[in-house]
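Here's the structure we're looking at; comments come further down.
Protein chains in written order, with the working numbering: chain A, 8 to 248; chain B, 8 to 248.
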């Protein structure tokens with residue numbers, strides 16, 4: 008089942024906060040993308056690059072294990088990850104091991120540890136709280152049934168110049184595109200758009216000089232097909248419309 | 008401005024969780040009500056009385072002080088409060104002092120202390136996280152603008168047999184009604200209903216043998232007027248339709 012969840016809080020130690028509009032999308036087949044733009048970037052560095060973090064991955068980059076009725080473990084090995092791409096100091100590299108508990112109210116508590124100074128140094132525990140949202144609504148509507156109906160479409164590019172993933176779940180589109188051999192914020196691009204009642208797409212977050220290369224047509228496609236957008240050829244890797 | 012907020016998490020010590028569907032409504036003039044029904048009552052006592060807590064108050068029962076742009080203190084002296092009514096052991100009595108911080112993402116962090124064993128014993132710190140919701144929508148839609156447009160209507164009863172408050176903000180109705188001189192769960196009644204697109208009201212939570220006494224008509228009223236519902240006379244104390 009395709010899904011999208013909004014992060015409602017991020018806790019490190021006893022410090023709980025939320026400065027972002029974070030949405031994590033997951034496709035039917037397990038492709039995932041999490042964009043974490045700051046709602047009110049304030050420092051110069053934040054204005055230049057207004058994201059806390061962004062990452063995405065394929066089903067090969069995540070291992071989900073059901074531990075009990077309401078608990079899973081999820082081990083992430085991000086395919087693309089801004090911290091790694093930008094080589095941000097004191098951030099985690101490699102697999103992140105997390106535990107997900109579904110609460111009675113439907114929200115999810117994710118807990119885990121990251122190792123910003125390497126696995127030989129002490130880890131930092133974190134908690135993230137997630138609220139499942141409806142994929143079939145243009146607004147941020149809490150999903151109180153736990154059920155989602157809607158399309159699940161994924162585009163991927165991995166050529167000599169670019170790597171990227173676009174995940175469409177219901178009305179929600181999120182995309183990540185990075186230039187190979189750049190490693191600066193100039194090589195990064197993100198898009199979040201939401202289909203409106205009139206079928207048009209409203210872009211609610213965008214970043215980067217290559218955003219015109221993200222796919223914008225999601226109809227009449229088939230898996231394996233290439234879709235070229237302003238010179239960039241994306242492959243349709245999942246298509247459940 | 009009338010408002011409604013959904014609690015997304017409740018933290019005591021390091022234990023963060025959420026078992027309820029808690030909504031707190033506040034009227035234009037500062038009447039407030041918070042109903043905290045359990046989503047999945049499981050223990051016998053929970054099935055008999057499926058609420059974590061409920062309370063309501065008038066503008067006289069709350070003192071709000073702006074401390075800085077994003078911070079207020081709110082001192083609550085509940086008018087009606089299930090813990091007090093039922094004399095639940097090890098629960099707080101009297102004023103609760105809280106601090107509210109509005110986050111950049113629009114959510115609110117409430118922090119405070121309660122004194123379940125009296126003010127001479129150590130207090131228990133708590134945090135509650137709140138997400139403002141749109142009052143003009145029938146579903147649980149996150150309010151990302153911070154602005155609300157909609158009616159603000161309040162009914163109050165305080166006669167020889169009953170005490171109660173109903174707060175209507177936009178499409179959302181929440182009511183609390185208690186029988187005087189009872190002090191058991193049999194004397195308590197609650198209602199939550201939400202107006203649908205066809206103008207009808209869908210009851211999403213109800214409890215008690217007197218729920219037929221809650222007002223159901225919210226049109227063509229005026230402040231000071233009495234509205235009698237199945238023998239119970241409510242006074243319209245706020246009417247901004």
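Note that the Cβ used here is the ideal one computed from N, Cα and C, for glycine as well.
Close beta carbons around residue i, own chain, < 7 angstroms, minus the five adjacent residues each side
i                      : result
residue 222 of chain B : 162, 173, 234, 236 and 241
residue 49 of chain A  : none
residue 209 of chain A : 200, 201 and 203
residue 131 of chain A : 19, 120, 121 and 123
residue 165 of chain A : none
Selection from the options that minimises the alpha carbon distance to residue i
i                      : options                       : result
residue 35 of chain A  : A:25, A:11, A:20 and A:54     : A:11
residue 67 of chain B  : B:76, B:85 and B:47           : B:85
residue 138 of chain B : B:132, B:20 and B:107         : B:107
residue 195 of chain B : B:168, B:51, B:175 and B:178  : B:168
residue 206 of chain B : B:145, B:64 and B:93          : B:145
residue 143 of chain B : B:176, B:104, B:129 and B:136 : B:176
residue 133 of chain A : A:225, A:23 and A:150         : A:23
residue 220 of chain B : B:39, B:184 and B:232         : B:184
residue 248 of chain B : B:178, B:109 and B:238        : B:178
residue 160 of chain B : B:75, B:135, B:97 and B:232   : B:232
residue 239 of chain A : A:217, A:225 and A:227        : A:217
residue 125 of chain B : B:189, B:103 and B:69         : B:103
residue 225 of chain B : B:157, B:14, B:211 and B:16   : B:157
residue 82 of chain A  : A:151, A:15, A:148 and A:117  : A:117
residue 150 of chain B : B:227, B:96, B:115 and B:99   : B:115
Residue i, DSSP secondary structure in three states
i                      : result
residue 55 of chain B  : helix
residue 142 of chain B : coil
residue 66 of chain A  : helix
residue 77 of chain B  : coil
residue 151 of chain A : coil
residue 41 of chain B  : strand
residue 47 of chain B  : coil
residue 91 of chain B  : helix
residue 194 of chain A : helix
residue 216 of chain A : coil
residue 24 of chain A  : strand
residue 85 of chain B  : coil
residue 225 of chain B : coil
residue 181 of chain A : strand
residue 206 of chain A : coil
residue 31 of chain A  : strand
residue 167 of chain A : coil
residue 231 of chain A : coil
Neighbourhood of residue i by C-beta distance below 8 angstroms, restricted to the same chain and skipping five residues each side
i                      : result
residue 59 of chain B  : 26, 27, 29, 43, 44 and 45
residue 153 of chain B : 113 and 139
Neighbour list for residue i in chain A, Cβ cutoff strictly below 7 angstroms
i                      : result
residue 24 of chain B  : 110
residue 151 of chain B : 147
Cross-chain neighbours of residue i in chain A, by beta carbon under 8 angstroms
i                     : result
residue 16 of chain B : 15, 16, 114 and 136
Contact set between residue i and chain A, taken where Cβ atoms lie within less than 9 angstroms
i                      : result
residue 161 of chain B : Neighbours of residue 161 of chain B on chain A: none; closest Cβ ~26 angstroms, over 9 angstroms.
residue 27 of chain B  : 111 and 112
Cβ neighbours of residue i in the same chain (closer than 6 angstroms, five flanking residues each side left out)
i                      : result
residue 213 of chain A : 198
residue 62 of chain B  : 41, 85 and 88
residue 192 of chain A : 56
residue 64 of chain B  : 39, 85 and 86
is_contact[residue i, chain C] using C-beta, thresh 8 angstroms
i                      : result
residue 175 of chain A : Although the question refers to chain C, the structure presented lacks it and instead comprises the protein chains A and B.
Interface residues of the stretch 128 to 149 of chain B facing chain A [CB-CB below 7 angstroms]
134, 136, 138, 146, 147, 148 and 149
Contact set between the stretch 56 to 82 of chain B and chain A, restricted to residues whose Cβ is under 8 angstroms from the partner:
none
Members of the stretch 38 to 52 of chain A near chain B, C-beta cut-off 8 angstroms
45, 46 and 47
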